[in-house]
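In our numbering, the protein residues as written are 1 to 262. Don't be surprised by glycine CBs; every beta carbon is placed ideally from N, CA and C. Below is one structure, written out as structure tokens, with a few remarks after it.
What follows is the structure, given as structure tokens:
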């Protein structure tokens, strides 16, 4: 994959953004490839969790100024909409794939890079990570790739409004205090912690994790009573799984449960 590489370790897929000279900035091609990668994961039962990270001490500095922003100034209105819909499709694909996604964030995490972290299910950061939804700094709205919908649900409306209006940088410690990061790790320990977390998720009940992820997405627009009914149906379906039976049998036998994902 141009601008990124993928590695498999058992049931964990690692996606590494790999353009260190540009702080792992995205190109038109890498946007499309990320979209296609996460779309394909919907039907890939061999992958049970995903890590998204960057190389050389950075996560992702956003869209490449020279390869994306410059050319966008020359596009027709139709071409601009084609681009923004394609980038939005990356987030749709990340949220629709059943696998939990862990973002391992160090260094720069700006613009579309901040969106990739936001669209992940869990986010690990470092003290030296720098998160910035900096669209306003290039004359654009904060309403990019779902930020106005998702970011307030993660850190709250007031804090999201501040970041999207000002485009300021959120230091790693503050990102953790605000709830954007689930954990802070040392830069040297980030990769190992992300891998251990992804392995733990991969060893869990695949169907149940996929259901949790789907319901977190679908219940955003449901009234409470409808959400409770939807969860009742979803949980009843999980109770039909073999993993549910295995968990009970393991408890009775006083042995560790081994989930198989069915």
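So, for residue i: in the same chain, excluding its five sequence neighbours on each side, which residues have a beta-carbon less than 6 Å away from its beta-carbon?
i	result
residue 145	87, 88, 91, 115
residue 182	122, 123
residue 5	16, 18
Straight-line CA distance for residue i to residue j?
i	j	result
residue 56	residue 23	8 Å
residue 251	residue 245	10 Å
residue 9	residue 34	19 Å
residue 130	residue 168	10 Å
residue 234	residue 212	9 Å
residue 101	residue 31	17 Å
residue 227	residue 65	42 Å
residue 262	residue 162	44 Å
residue 119	residue 165	20 Å
residue 258	residue 194	21 Å
Considering just the uninterrupted stretch of the alpha helix (DSSP H) at residue i, what are its terminal residues?
i	result
residue 201	190–202
residue 142	First-last for residue 142: undefined, no H or E at that position.
Our contact map puts residue i next to residue j with C-beta atoms below 8 Å; I'd like the distance itself, whole angstroms only.
i	j	result
residue 47	residue 11	6 Å
residue 218	residue 230	7 Å
residue 97	residue 59	Wrong, their Cβ atoms sit about 20 Å apart, outside the cutoff.
Which residue marks the beginning of the beta strand (DSSP E) containing residue i, and which one marks its end?
i	result
residue 9	4–9
residue 170	169–171
residue 158	No beta strand (DSSP E) contains residue 158, which is instead part of the alpha helix (DSSP H) from 157–166.
Do residue i and residue j have their CB atoms nearer than 8 Å?
i	j	result
residue 26	residue 112	yes
residue 149	residue 133	no
residue 208	residue 243	yes
residue 172	residue 206	no
residue 153	residue 178	no
Please check if any C-beta of chain C sits within less than 8 Å of the C-beta of residue i.
i	result
residue 48	Annotation note: the requested chain C is absent from the structure, which comprises a single protein chain.
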